[in-house]
Amino acid sequence: MEGERKSFRVNPGSIEERFIRSGGHGGQNVNKVATAVQLRFSPALSGLPPWAEERLKVLAGSRLTDGGEVLIEASEHRTQEQNRRAARARLDSLIAEALRPPKRRRATKPTYGSKLRRLDEKKRRSGIKRERRPGCDD
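In terms of this note's numbering, the sequence shown is residues 146 to 283.
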């Protein structure tokens, strides 16, 4: 898995590919040929550092299976090879993102103007609600 990561190489045993039939364009080709690829990636077997493995699981979101594998499906192209490349590219970008540590958040204070605007809005809303109350004829 080359690309942005120069110092990390994924263990080939951590990737499993299956070809399945895909829907969409292609006419009878869709019904006969299994062109879509279902790529399963096991972070536990990949050799990723533990911190990157945890980050990958978070980034994977709904693509993470109950077994802890990342499942990527690619069916946008009409050939197996193009779909295989697309799935590998998605996996590469996901791993690259997991290996990049998240930016640290710098705490900031609200500006004086934003504080004034917030208080003005609160006063305005309060006035609107006060006007709705029954029996308050000022």
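Every residue gets a Cβ at the ideal spot worked out from N, C-alpha and C, and that includes glycine.
These numbers come from a predicted model, not from an experiment.
Selection R166, S191, T180 and Q183 evaluated against P157 yields S191 as nearest (Cα-Cα).
For A181, the uninterrupted beta strand (DSSP E) run begins and ends at A181 to F186, by DSSP. In this structure the stretch 193–206 does not touch the stretch 176–183; the number of beta carbon pairs closer than 8 Å is below three.
For the stretch 209–281, the continuous alpha helix (DSSP H) assignments of 4+ residues that do not extend past its boundaries occur at 225–244 and 257–277, in sequence order. Distances from the alpha-carbon of R185 to those of S167, H222, A252 and R229 put R229 closest. Under the three-state reduction of DSSP, R200 is assigned to helix.
Looking at the DSSP output, R163 shares a beta bridge with Q183.
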